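Trainee: Quick one: the structure is below, and I'll ask about it shortly.
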Amino acid sequence: MSAPTDYFASFTTTDDALVLASVSSQAELQLLNDWLKKQRQEHPDSKVEVLQLPAADEPTPGMLARLVEELEADEDRLVVPVRVFWVPAGLPTRLKVVALMSGRDTYRPPEILQRRILRKDPARARMVAGEPAKVSELRKQWSETTVAENPREFAHFVLRRAALAIERVELRLLGPEYKSPRLVKPEMLASARFRQGLEQIPGATVEQAGEMLDELATGWSRFSVDLIPALGRAIFSRGFDPRIDYDRTEIEAMRHALELHPAVLLFSHRSYLDGAIVPVAMQENRLPPVHTFAGINLSFGFMGPLLRHSGVIFIRRKLDDPLYKYVLRQYVGYIVEKRFNLNWSIEGTRSRTGKMLPPKLGLLAYVADAYLDGRSDDILLQPVSISFDQLHETAEYAAYARGGEKTPEGLSWLYNFIKAQGERNYGKIYVRFPEAVSMREYLGEPHGPIARDAAAKRLAMQKMAFEVAWRILRVTPVNATGLVSALLLATRGVALTLDQLHHTLQDSLDYLERKNTPMTNSALRLRTPDGVRSAVDALSNGHPVTLVDGGREPVWRIAPEDELEAAFYRNSLIHAFLETSIVELALAHAARVEDDPLQCFWTQVMRLRDLLKFDFYFADSAAFRENVAEEMSWHEDWESHVAAGGEEIYQLMRAKQPLIAGAMLRPFFEAYEIVADVLRDAPPEIAEKDLTKLALGVGRQYAAQGRVRSNESVSALLFATARQVAADQDLLESGPDLRARRAAFRDELRAILADMDQVEQIAREQFYAREAERRQLRSEPA
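What follows is the structure, encoded as structure tokens:
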């Protein structure tokens with residue numbers, strides 16, 4: 001057997017070196033000996049001592065004792081780590097899966113295959129060496145970063161440094177997508193920083209902390225970098241186009257940013273698929289893998305060990321143990337200090353309504369602490385928008401809205417989830433990476449004033465998190481599913497023909513183009529009747545559109561029982577129409593007042609923004625006002641028309657297209673009004689569950705009576721936000737005139753809904769006028 005000639009390790013003629021050689025087999029030992037022979041022939045004046053170590057297991061006590069002696073012999077000696085690097089190739093997948101589950105190195109062929117591989121293709125194995133370091137340099141690092149004093153502890157430290165040095169070389173061969181933390185537990189437990197903090201927690205021990213680190217520990221094995229994205233793609237490709245839709249410019253900008261700083265990828269969360277899509281996106285774009293936080297409830301069956309070796313960090317749902325909180329905080333700090341990337345949902349959980357939820361700050365606070373402690377000169381918060389044409393989970397979300405309970409995760413749940421992916425074609429998946437948010441920009445310098453001011457830190461974090469969410473919304477493309485669902489929900493069960501759908505959608509498309517809103521190809525194709533037909537066909541059979549065929553021409557509608565599923569899709573695009581919807585309601589409000597309609601318009605604009613702030617993201621007050629003014633400037637001399645009031649405002653509204661407030665916002669204001677109505681005779685401090693139960697009952701009654709226009713308004717999910725609105729109005733605590741203030745709030749909401757009725761009436765007049773014109777052009781009977 002001849003050794004390969006493509007070496008990556010060498011000495012200079014002046015080296016006095018201690019070679020730490022990791023070998024796992026007789027084949028690797030032969031490669032090592034051939035390499036040492038070559039080095040000694042080329043550099044006969046070099047003094048080389050070799051200490052052979054196991055490739056994966058801990059060194060024996062005898063090996064460790066010899067290493068201690070060698071390290072104490074000469075402080076100027078270079079320590080050179082070397083080992084055999086096996087170039088990836090065709091090991092059977094079943095063997096790699098077994099190795100992955102057990103935590104073994106899945107890129108190192110089993111010993112029984114190594115000689116056969118080398119006979120057929122000797123270039124498959126290469127000797128690689130990590131960057132050498134003097135013993136004195138290593139001892140200085142050890143004394144500065146750890147609390148240990150025992151020479152054996154120094155030997156362990158040298159072995160860890162050696163392993164990490166080899167990892168860096170192998171990453172240059174494999175690519176950044178294989179980067180993963182190693183030796184986290186021993187590094188952290190030996191850290192002086194970690195030990196000092198541990199001493200401040202009463203009763204805490206190193207052993208307990210070690211057990212918690214074992215629970216948190218994760219990493220990407222090299223095979224899992226290949227396997228997990230492949231599994232994720234196999235799952236979502238059952239129902240989705242396997243080609244994820246990206247913006248390539250965004251990816252290249254992110255690639256450059258990740259070369260400079262560690263990042264936290266914060267993704268929008270609509271589906272359990274999101275956790276599989278991010279690794280696929282990173283791997284197929286040759287970006288570093290991410291380490292994803294997930295609830296420990298997902299660590300069931302074989303999924304636990306599989307995901308732990310695939311970058312998943314399982315965390316407890318309750319963080320009430322001071323030691324656990326400390327270990328988690330230090331773990332996050334270690335990860336970012338070593339410039340690995342983290343990943344979780346900025347919303348904390350799946351949005352079951354389709355719109356962005358408020359950001360969760362818990363884990364983000366740990367990252368902020370790491371930055372303020374100086375563990376990185378900056379940390380990037382990378383927004384990630386993940387959106388879908390359709391999802392099978394919308395049926396589950398509709399059940400939640402009706403008051404149902406969440407199905408617990410388990411193997412049967414996983415089987416059913418994967419099975420559901422193959423039930424039909426769900427369209428495409430869209431992933432966007434807008435510009436990252438700099439932590440330094442919001443928190444200032446490390447160790448700066450914000451580090452000592454808890455209130456200032458929390459405010460800065462809130463602004464930072466909202467900016468991330470805002471950037472996600474701005475790049476999330478509007479798709480055909482959302483536009484068609486919004487239109488058919490607005491008809492409240494009345495079916496539309498293909499022509500009616502096509503010509504009505506054009507106003508919304510015109511508006512989106514004028515605002516430079518990103519749209520998917522499916523949305524752009526709504527410009528043609530064929531594109532509209534493709535969209536409604538994809539949504540038919542109750543998903544959530546119903547096709548009524550067999551008459552003179554086919555028509556499409558959303559049945560009452562499918563409204564909640566359709567609402568999920570409609571809600572995903574409300575952000576694109578939010579400001580114009582508020583404009584319409586404020587105009588209707590100003591049209592019915594006599595004193596200073598222009599001022600009333602602006603007052604109502606800001607009031608509506610305040611009422612909706614728990615459901616939607618807005619630009620800051622000044623920017624929001626500028627956006628409204630810019631939109632109104634599309635109408636010539638708009639301020640004079642609004643100031644004139646009454647009929648002139650209505651004329652302004654008749655010229656506005658689209659009129660869409662009812663289609664977008666009615667369910668939310670109706671849900672608020674139901675909760676406000678329930679509160680009229682409810683106890684001052686009614687419990688959240690009791691309020692939701694009462695609201696569901698009253699809401700079902702009102703829907704049956706036609707007192708609310710939409711079944712989707714009767715939703716436990718919307719009532720949760722309505723409760724927040726009521727609390728913000730100080731209506732959930734005892735106080736003076738509480739009953740009167742609750743009644744006034746209900747009346748205010750009813751007035752807003754009356755304004756919405758007015759907007760919808762004008763929208764219907766527009767629709768029928770255009771219908772009459774279309775029929776006349778085609779000479780159709782009325």
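When we follow the UniProt record's numbering, the leftmost residue of the sequence shown carries the number 1, and every step to the right adds one.
Cβ atoms here follow ideal geometry from the backbone N, Cα and C, with glycine treated the same way.
Being a predicted model, the structure only gives us computed values, none of them experimental.
(1) Tell me, please, which residues DSSP counts as bridged to F618.
(2) Let's test the definition: count the other Cβ atoms within 10 Å of the Cβ of L777 and tell me whether it reaches 16, buried, or not, exposed.
(3) Using C-beta distances below 6 Å, list every residue in its chain close to A3, excluding the 5 sequence neighbours before and after it, in chain order.
(4) For the alpha helix (DSSP H) that Q26 lies in, which residues bound it at each end?
(5) Measuring alpha carbon to alpha carbon, tell me which residue in I762, E28, E187, E58 is nearest V82.
(6) Flag I752 as yes when its Cβ comes closer than 7 Å to any non-hydrogen atom of the ligand PLP, and as no otherwise.
(7) Taking the beta strand (DSSP E) that T292 belongs to, which residues open and close that run?
(8) Return the Cβ separation of A461 and L364 in integer angstroms, given the expectation that the two are a contact with Cβ distance under 8 Å.
(9) Which residue wins for smallest C-alpha separation from A190, given the options W142, R172, P477, L216?
(10) Does the beta-carbon of G130 have 16 or more other beta-carbons within 10 angstroms, so that it is buried, or is it exposed?
(11) Apply the 10 Å Cβ neighbour rule to N343 and answer buried if 16 or more other Cβ atoms are within range, or exposed otherwise.
(12) Hey, quick one: how far does the beta strand (DSSP E) through D274 stretch, first residue to last?
(13) What is the rounded straight-line gap between the Cα of V68 and the Cα of R139?
(14) For L380 and chain D, any beta-carbon pair shorter than 8 Å?
(15) Could you please give the first and the last residue of the uninterrupted alpha helix (DSSP H) stretch that includes A643?
(16) Looking at C-alpha atoms only, which residue of K360, E760, K120, H635 is the closest neighbour of G348?
(17) Would E284 and P229 qualify as a contact pair, given that the criterion is a beta-carbon distance under 8 Å?
(18) On a Cα-Cα basis, can you pick out the residue from H503, A726, E70 that is closest to Q657?
(19) Going by Cα to Cα distance, which pick from A420, E584, L749, L266 is closest to I649?
(20) Alpha carbons only, please: which of W556, V484, G542, H543 is nearest the one belonging to S522?
(21) When we look at the beta-carbon of K318 and count the other beta-carbons within 10 Å, is it buried (16 or more) or exposed?
(22) Roughly how many angstroms separate the alpha carbons of I296 and D510, rounded to a whole number?
(23) Looking only at C-alpha atoms, which of L216, V169, T517 sits nearest to V184?
(24) Which residue marks the beginning of the alpha helix (DSSP H) containing A123, and which one marks its end?
(25) Please identify the residue among I660, E409, A643, T145 whose C-alpha is closest to the C-alpha of H575.
(26) Is it buried or exposed, W556, if we count other Cβ atoms within 10 angstroms and call 16 or more buried?
(27) I'd like the ranges of any beta strand (DSSP E) spanning at least 3 consecutive residues and lying wholly in the stretch 348 to 396.
(28) Buried or exposed: where does N571 fall if 16 or more other Cβ atoms within 10 Å of its Cβ makes it buried?
(29) Helix, strand or coil for L564, going by three-state DSSP, please let me know.
(30) When DSSP builds the beta bridges, which residues end up paired with R557?
(31) With a threshold of 6 Å on Cβ separation, who are the neighbours of L18 within its own chain once the five nearest residues in sequence on each side are excluded?
(32) Under 8 Å, with one C-beta from each stretch per pair, do the stretch 710 to 718 and the stretch 392 to 407 reach the 3-pair mark?
(33) Can you tell which of P322, F466, L381, L273 has its C-alpha closest to the C-alpha of Y430?
(34) Return the Cβ separation of L198 and A192 in integer angstroms, given the expectation that the two are a contact with Cβ distance under 8 Å.
(35) What are the start and end residues of each continuous alpha helix (DSSP H) run of 4 or more residues lying completely inside the stretch 442 to 501, in chain order?
(36) Looking at the strands, I want to know which residues DSSP matches up with R83.
Mentor: Reading from the atomic positions:
(1) Sequence index remark: in the sequence shown, residue 618 carries index 618 (1-based). DSSP output for F618 lists no bridge partner at all.
(2) Looking up residue 777 in the sequence shown gives position 777. When all chains shown are included, L777 counts as exposed.
(3) The residue labelled residue 3 in the question sits at position 3 within the sequence shown. Residue placement at A3 is poorly supported in this model, since its pLDDT is 37, which falls under 50; the coordinates are not used for a value here.
(4) The sequence position of residue 26 within the sequence shown is 26, counting from 1. Start and end: 26 to 42.
(5) Taking the first residue of the sequence shown as position 1, residue 82 is located at position 82. The candidate whose alpha carbon is nearest that of V82 is E28.
(6) For the structure depicted, the ligand PLP is absent and the ligand set is empty, with no information on it obtainable.
(7) Numbered from its first residue, the sequence shown carries residue 292 at position 292. Counting along the chain, the beta strand (DSSP E) containing T292 begins and ends at 290 to 295.
(8) Here residue 461 refers to the residue found at position 461 when the sequence shown is read from its first residue. Here residue 364 refers to the residue found at position 364 when the sequence shown is read from its first residue. Contrary to the premise, residue 461 reads as Met rather than Ala in this sequence. Right, their Cβ atoms sit about 6 Å apart.
(9) To locate residue 190, count along the sequence shown from 1; it is residue 190. Cα-wise, what sits closest to A190 is W142.
(10) Indexing the sequence shown from 1 puts residue 130 at position 130. Buried is the call here.
(11) Taking the sequence shown and counting its residues from 1, the one referred to as residue 343 is at position 343. Buried, because 16 or more other Cβ atoms sit within 10 Å of the Cβ of N343.
(12) For the purposes of this step, residue 274 is identified with residue 274 of the sequence shown, where counting begins at 1. Going by DSSP, D274 is part of no beta strand (DSSP E) but of the alpha helix (DSSP H) stretching over 274 to 284.
(13) As a position in the sequence shown, residue 68 is number 68, starting the count at 1. As a position in the sequence shown, residue 139 is number 139, starting the count at 1. Spanning the two alpha carbons is a distance of roughly 12 Å.
(14) No chain D appears in the structure shown, which is made up of a single protein chain.
(15) Here residue 643 corresponds to residue number 643 of the sequence shown, with the count starting at 1. Run containing A643: 638 to 644, per the alpha helix (DSSP H) assignment.
(16) What you label residue 348 is simply residue 348 of the sequence shown in a count that begins at 1. Per the C-alpha coordinates, the member of K360, E760, K120, H635 positioned closest to G348 is K360.
(17) Position 284 of the sequence shown, counting from 1, holds the residue named residue 284. Position 229 of the sequence shown, counting from 1, holds the residue named residue 229. Against a cut-off of 8 Å, the Cβ pair of P229 and E284 comes out as a contact.
(18) Within the sequence shown, residue 657 is the residue found at index 657, counting from 1. Nearest Cα to Q657 within the set H503, A726, E70: H503.
(19) As a working mapping, residue 649 is identified with position 649 in the sequence shown. Of A420, E584, L749, L266, the residue nearest in Cα terms is E584.
(20) Here residue 522 is taken as the residue at index 522 of the sequence shown, counted from 1. Nearest neighbour of S522 by Cα position, chosen from W556, V484, G542, H543, turns out to be V484.
(21) To locate residue 318, count along the sequence shown from 1; it is residue 318. So K318 counts as exposed.
(22) Here residue 296 refers to the residue found at position 296 when the sequence shown is read from its first residue. Here residue 510 refers to the residue found at position 510 when the sequence shown is read from its first residue. Rounded to the nearest angstrom, the two C-alpha atoms are 46 Å apart.
(23) The residue labelled residue 184 in the question sits at position 184 within the sequence shown. Ranked by Cα distance from V184, the options L216, V169, T517 are led by L216.
(24) Locating residue 123 in the sequence shown gives position 123, where the first residue counts as 1. Neither: A123 is in no alpha helix (DSSP H) and is coded neither H nor E.
(25) Taking the sequence shown and counting its residues from 1, one reaches residue 575 at position 575. Looking at the Cα atoms, I660 is the closest of the given residues.
(26) Along the sequence shown, read from residue 1 onward, the residue named residue 556 stands at position 556. Classification for W556: buried.
(27) 380 to 388
(28) Along the sequence shown, read from residue 1 onward, the residue named residue 571 stands at position 571. Note on N571: 16 or more other CB atoms within 10 angstroms of its CB, so buried under the neighbour-count rule.
(29) Locating residue 564 in the sequence shown gives position 564, counting from the first residue. Reduced to three states, the DSSP call for L564 is helix.
(30) Counting from one through the sequence shown, the residue named residue 557 turns up at place 557. The partner list for R557 (beta bridge, DSSP) reads T546.
(31) Counting from 1 along the sequence shown, the entry for residue 18 is found at position 18. Cβ within range, chain order: E49, E70, R77, V79.
(32) yes
(33) Numbered from 1 along the sequence shown, position 430 holds the residue referred to as residue 430. Closest option to Y430, Cα to Cα, is L273.
(34) For this step, residue 198 is matched to residue 198 along the sequence shown. For this step, residue 192 is matched to residue 192 along the sequence shown. Their Cβ separation, rounded to whole angstroms, is 11 Å, which puts L198 and A192 out of contact at 8 Å.
(35) Runs of the alpha helix (DSSP H) spanning 4 or more residues and lying entirely within the stretch 442 to 501 occur at 454 to 475, 480 to 490, in chain order.
(36) Reading the sequence shown from its first residue, position 83 is the one you call residue 83. R83 is bridged to S22, V128.
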